[in-house]
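Following: one structure in structure tokens, then a few remarks.
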Amino acid sequence: MRTILSIAIDALAFGMVLFIICIGLSLTMGLMRVVNLAHGAFAMIAGYIASYAARDLGLGYAAAIFLAITGTIVISIPLERFLYRRIYGSSELTQVLMTIGLTFCVIGITNYFMGPTLKTIPLPQALSQPVDVGFRTIAAHRLFVIACGAAVAVGLWYLIERTSFGIKLRATVDNSAMSDALGVRTQVVYAISFAIAIGLAALGGVVGAEFLPIEPYYALRYMVTFLVVVSVGGAGSIPGALIACLVLGLVDTTGRYLMPDFGNFFFYAAVILIVCLFPRGFLGRAQ
Amino acid sequence: MTAGKKILGAAVGAVLMGSGSAYADTIKVGIIGPFSGPFALQGKNFQAGVEAYRALNGKSVKGHDVEIIYRDLPAANPAQSRALAQELVVKEKVQYLGGVYFTPDAMAITPLLSQANTPLVIFNAATSAIMNTSPLVVRTSFTTAQTTNPLGKIAFDEGVRKAITVVSDYGPGVDAENAFKKAFEAAGGEVVESVRMPMNTTDFSPIMQRVRDSGATGLFAFLPSGPPTLGFVKAFNETGLKRAGTKFYAPGDLTQESDLPALGEAAEGLKTSFHYSVAHDSPENKRFVEAAVKAIGSADQLSFPAVGAYDGMHVIYKMIEATDGKQDAQKAVDAVKGLSWTSPRGPVRIEPETRHITQNIYLREVAKNADGKYINKEIQTFPDQKDPGLATQ
Amino acid sequence: MSDLFRVENLSKSFGGLAVSRDISLSMPAGERLALIGPNGAGKTTFVNLVTGQLKPSAGRVLLNGEDVTQLGAVRRVRKGLVRTFQVTRLFSDLTPEEHVTLTVLQRQRKATRILSRFHGSSHVADEVHGILGTLGLHEVARRKVGQIAYGQQRLLEIAIALALKPKVLLLDEPAAGVPSADTPRIEQALERLPPSLAVLMIEHDMDLVFRFAKRVVVLAAGEIIFEGLPSEVAADPKVREAYLGNYAHARSVA
Amino acid sequence: MHIMAQAGTVSAMSKAKSHHWWRDVAGIALIAAFGAAGYWLFPDNLALLTRIVAVALLVLSIDLVVGYCGVATLGQAALFGAGAYAAGIACVNGVTEPMTLIAIGAVAGAAAGLLMGGIMLRAHGLAQLVLSIAIVQLFHEAANKASAYTGGSDGLAGLMVSPLFGVFEFDLWGRTAYLMGLTLLLLVFIALKFVVASPFGMLCRGIKQDPVRIRAMGSFVFPVLLKMFVISGAVAGAGGALAAISTQVVGLDSVSFELSANALVMLVLGGLGTLYGALIGTVIFMGFEHMVSAINPFHWMTMVGALLIAVVLAAPGGLSSLVERISASRGGKS
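Those sequence lines, one after another, are chains C, G, F and Y. Numbering-wise, the working numbering puts 159 at position 144 of the first sequence, and it's gapless, one number per residue. Numbering-wise, the working numbering puts 160 at position 157 of the second sequence, and it's gapless, one number per residue. Numbering-wise, the working numbering puts 529 at position 185 of the third sequence, and it's gapless, one number per residue. Numbering-wise, the working numbering puts 19 at position 9 of the fourth sequence, and it's gapless, one number per residue.
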């Protein structure tokens, strides 16, 4: 029982990191129909900014997170304006080509300016302590990540289902020409959604740095994982992405505990099974 | 005066060139390494080692200018490796090949060597078997078995009777697992469980849970240097294994100096065995580190591949000296068999039979130096270690 | 059992919503039947059920006395039950000639051959040109479908159906969206359909229905409310109730 | 005047078929000429050129499923790797005749294609893409695990291929390997030209655009696509076998996601749905990569990324569409 609980809480923490990073990609893919393979690159940029802010500027963890999110969004604005707007509505493969190109550029530039070494984001004292949760000790940071994930899920759900922006966003996605005619400024809606997606990537990149360490190749290393998680959840669905992250996190963690030698087999076999059972992902929109 | 000297030199040069190309010629050396991509740091270290050697020992040997040509091979890719080697030999007319980070890449090059009449000096690729694929291969790095071997006895001597091995599931990982098992069991211990985890593992908590369940009091781990080592060490600490007193042993790949600033406090006290620590205390190493840091640009980035490259260049220079600039791979290789010198890592020797490097292996502990920087502090020396993988063959 | 085509008690519901209720009808060879009804009456759903795009909740579909209800769409086509689409589904970068050639080759089970040329057989070419000629498409035979008029695309839909040598043909609004100037060409094409063919046509244009159909079936809210001669439709009280507004409207538009 | 113009269009129309035929012959001749030019102009880079040929086969195989059938895949290297490992394992076990090895690779690739298609064709769109990724990862993992046969991460080394026709050795200069590869590529290209021009090829194009319509024409979709998968597997497998023969080593990279993704990028770069696009994309991408990585081995990735972005902005349909557009505008002017 202790073991099961222990595995479950590890799985939850890992799943939540995936969720925070992937939900932004799920939004861009499901709502804006852009296969943004450079999503991880933005998470990585945020990690570098946070690392710089915390280690070199000596700022606190919260300030570093804030700076990383705003900084990454600021960097993404000209990219959205000059690159992404050209590929809204293009074929998926064209989008793949461009966003992979962008990823290569980001990696190359990061390698040049930041060097190829690992960068860490020092945690505040409170988060770096192991906490005794009764059946085992767990890093406080993991609990923090779980809380962040839950907050993101609830916040996004509220934003999309309960605010006027959410209504405009959903309308734009369903029928952008009609929304335009009704006076919704779809360009603005797209730009804001893109910024939100990037901001979430940034948050995930920073709080997830303990799991997925920040280095230049980050952007490509985890690209597949992100893409798989989003598709399994169903692009554009918040609860879908959440379920996918938790299920895949659980499969991955349990598989690695029970049969570590075959850890990857479990993960990808589960992906094949899920996709065959739910061809649109857990909660995907009908196509 | 200087101008006159220059003109004179040029004139003499021209005469010599006319009379025969044996003198003021350029000898090209092709270096293949991961200069971009996920292993770019290791490639940078190759370059730093090479440049440091040239800075300290000059850019020519016996009047032969030595030119270095770098070629990028970002990840293990034998087909590309062969294409690059072929291009270097046929098109760039290099007389020596060096570098190579991954085993399969080396395996793709060795079949070409005798036809190319070119020796290959391996700066890293650490599988024993490479040496058997061609008589023209010399290696100045290490093998995983070589660096792992002493750990078995160390663990036993520190009171560990039951150990668990956790390695990345690929060639060197398996080598390390076997080497530790053999040495530890020879010393009288028992390996209760062996775990091989996929290369792309990022969350190590479940593995640590398994370590805890196994009841072992010692953990032997092998992970290639890079991002996952950070997660591994942190997971070891956070799951309370460290506090519970589990002893942790690993070859030095785990605490590569370039990872130490990131690992920091988490790795403090960690004991690893390796052939080289940047903190090695000797005049040779001081000279090397100074030059290599200058070449690489930042002290934080310097680590073991640089010393492999540095000594590799030493071997290549000796080969050039022995052949006097003529392309004769067999003669070049024969000339360095049995060669011994004092490397930045300590005394080393090219074993005549295996052409692999024999060297000291050090037990090191992660500790803070006087400047508050984390280093691999050498605490015990195992002199004159051969590669056990090749020795048994 | 002499009926070529028969539908017995066909029903379909999505969730709790019944879109087809207990529909039965039959057609002998040479039948010209029009299926009409207000928007949302379930006409296209009926075609989808009959041709196998949808699985019915209950009921049977019989072709030549054989129960084909369990067969998939492809097998039904191969047995001679063929449809056209309300919104044309054509390959925009292929030509009409290529469309019909592919269809003829498919009918001859030669479409999956790798070791033959697409335009290789002169027999096929003759048949293709025959079909295209009957429908007046020979002039545009080698233009890409994306570049020909919509009326011609509708004709091509019919051409593809004919190339399958159907026994029963279901035409889903063959004149929908066609400019009125082009309607006569469609009508002409319908008149020239092989006499032995049983044809069921869904259509909104009542003039066309009156000229084409020998028999009319009216569908409203998924149920058949009338079956009889075209001349009787207008007089039927149920039809008037369910449909007349739309009919009058349609007529005034036409 | 008017009549003449009309007569012109009619004769142009009847010529259309033979015109296409000539265009294909000219295209194939052009490829052969380029290949031969590569041999004479870059005699010192034949290993690179051979690698380009092997990858070109992989990219062609992707074009068959992506460009002609609309099936998105990021896992094609599974088929390439199946061919490479089959040829490699056969070679280590004593089958050393190069043509036989190519055939073994093609058969293994086709078998893997059958398996992969059987799984992938159950899904559509994004889910299909993810299945392809999962499959290639499983292949990769299996190749790593079965190290007794595949050499695992150390690679399968020691392939001693006998000389072609008992005469031409696979040596350092790689002339035999290149010429054999080039011949193989040409033969495959010609064969594929026939495949895509066959009724079957047309059917695939139809399925790509609208499978519902194809079903309503009375044709099944799944077996047709599966057949194309098998063909595509054979092509990719032959490419893998060529890579194995020419490098005499098979590494795990030959069944990697990275190779699949790179190959797809090359295809999209060149343009989908024309076999020429696959070749153009491969040559441009690999040539460019080779060039910039030789100029600056440390930071070339940025340049490659910039190339991809530039192509999307300048020629969204791929480079081959650019060629077509230019030739079309020339034709319009003249």
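Ideal placement from N, C-alpha and C gives every residue a C-beta, glycine not left out.
DSSP state of residue i mapped onto helix, strand, coil
{"i": "residue 120 (chain G)", "result": "coil"}
{"i": "residue 196 (chain Y)", "result": "helix"}
{"i": "residue 310 (chain C)", "result": "Here chain C covers residues 16 to 302 and nothing more, so residue 310 (chain C) does not appear."}
{"i": "residue 24 (chain G)", "result": "Summary for residue 24 (chain G): the model assigns pLDDT 43, below 50, so the residue's position carries little reliability; its value from the coordinates is reported in the next sentence. Reduced to three states, the DSSP call for residue 24 (chain G) is coil."}
{"i": "residue 354 (chain F)", "result": "strand"}
{"i": "residue 112 (chain G)", "result": "helix"}
{"i": "residue 357 (chain G)", "result": "coil"}
{"i": "residue 374 (chain G)", "result": "coil"}
{"i": "residue 44 (chain Y)", "result": "helix"}
{"i": "residue 231 (chain C)", "result": "coil"}
{"i": "residue 127 (chain C)", "result": "helix"}
Separation of residue j from residue i, as counted between CA atoms
{"i": "residue 184 (chain G)", "j": "residue 161 (chain G)", "result": "16 Å"}
{"i": "residue 34 (chain G)", "j": "residue 88 (chain G)", "result": "9 Å"}
{"i": "residue 251 (chain Y)", "j": "residue 135 (chain G)", "result": "25 Å"}
{"i": "residue 343 (chain G)", "j": "residue 148 (chain G)", "result": "21 Å"}
{"i": "residue 364 (chain F)", "j": "residue 385 (chain F)", "result": "9 Å"}
{"i": "residue 66 (chain Y)", "j": "residue 195 (chain Y)", "result": "8 Å"}
{"i": "residue 301 (chain Y)", "j": "residue 54 (chain C)", "result": "28 Å"}
{"i": "residue 523 (chain F)", "j": "residue 495 (chain F)", "result": "7 Å"}
{"i": "residue 323 (chain G)", "j": "residue 243 (chain G)", "result": "55 Å"}
{"i": "residue 316 (chain Y)", "j": "residue 271 (chain Y)", "result": "17 Å"}
{"i": "residue 272 (chain C)", "j": "residue 203 (chain G)", "result": "15 Å"}
{"i": "residue 593 (chain F)", "j": "residue 381 (chain F)", "result": "The predicted model places residue 593 (chain F) with a pLDDT of 48, which falls under 50 and marks its position as unreliable, so this point remains unresolved."}
Other residues of its chain near residue i: CB distance less than 7 Å, five sequence neighbours each side excluded
{"i": "residue 213 (chain G)", "result": "198"}
{"i": "residue 69 (chain Y)", "result": "273, 276, 277, 288, 291 and 292"}
{"i": "residue 24 (chain G)", "result": "Any reading at residue 24 (chain G) must be qualified, since the residue scores a pLDDT of 43, below 50, and its modelled position is unreliable; the value itself is stated next. The answer is none, since no qualifying residue turns up."}
{"i": "residue 128 (chain Y)", "result": "236"}
Same chain, Cβ closer than 8 Å to residue i, neighbours up to 5 away in sequence not counted
{"i": "residue 258 (chain Y)", "result": "167, 168, 169, 170, 171 and 180"}
{"i": "residue 78 (chain Y)", "result": "206, 211, 214, 215, 218, 238 and 283"}
{"i": "residue 388 (chain F)", "result": "430, 516 and 546"}
{"i": "residue 445 (chain F)", "result": "462, 463, 468, 469 and 472"}
{"i": "residue 157 (chain Y)", "result": "163 and 164"}
Check whether residue i and residue j have beta carbons under 7 Å apart
{"i": "residue 518 (chain F)", "j": "residue 481 (chain F)", "result": "no"}
{"i": "residue 81 (chain G)", "j": "residue 111 (chain G)", "result": "yes"}
{"i": "residue 264 (chain C)", "j": "residue 281 (chain C)", "result": "no"}
{"i": "residue 544 (chain F)", "j": "residue 514 (chain F)", "result": "yes"}
{"i": "residue 296 (chain Y)", "j": "residue 62 (chain Y)", "result": "yes"}
{"i": "residue 226 (chain G)", "j": "residue 239 (chain G)", "result": "no"}
{"i": "residue 433 (chain F)", "j": "residue 223 (chain Y)", "result": "yes"}
{"i": "residue 72 (chain G)", "j": "residue 95 (chain G)", "result": "yes"}
{"i": "residue 191 (chain C)", "j": "residue 201 (chain C)", "result": "yes"}
{"i": "residue 159 (chain C)", "j": "residue 142 (chain C)", "result": "yes"}
Beta-carbon proximity list for residue i, same chain, < 6 Å, skipping 5 on both sides
{"i": "residue 20 (chain C)", "result": "150"}
{"i": "residue 108 (chain Y)", "result": "171, 174 and 255"}
{"i": "residue 271 (chain G)", "result": "369"}
{"i": "residue 280 (chain Y)", "result": "287, 288, 290, 291, 328, 329 and 330"}
Distance cut-off 6 Å: residue i Cβ against heavy atoms of the ligand ZN
{"i": "residue 37 (chain C)", "result": "Within the structure as shown, the ligand ZN is missing, as the structure has no ligands at all."}
message = Within 8 Å, do at least three Cβ pairs link the region 157-166 of chain G to the region 220-234 of chain G?
response = yes
query = With a cut-off of 8 Å, do at least 3 Cβ pairs link the region 240-253 of chain G to the region 114-125 of chain C?
reply = no
task = Would you be able to state if there are at least three C-beta pairs under 8 Å between the region 220-229 of chain C and the region 22-38 of chain C?
result = yes
request  = Answer yes if the region 51-59 of chain G comes into contact with the region 311-331 of chain G, meaning at least three C-beta pairs across the two stretches below 8 Å, and no otherwise.
outcome  = yes
query = Taking three-plus beta-carbon pairs below 8 Å as touching, is the region 378-389 of chain G in contact with the region 274-294 of chain G?
reply = yes
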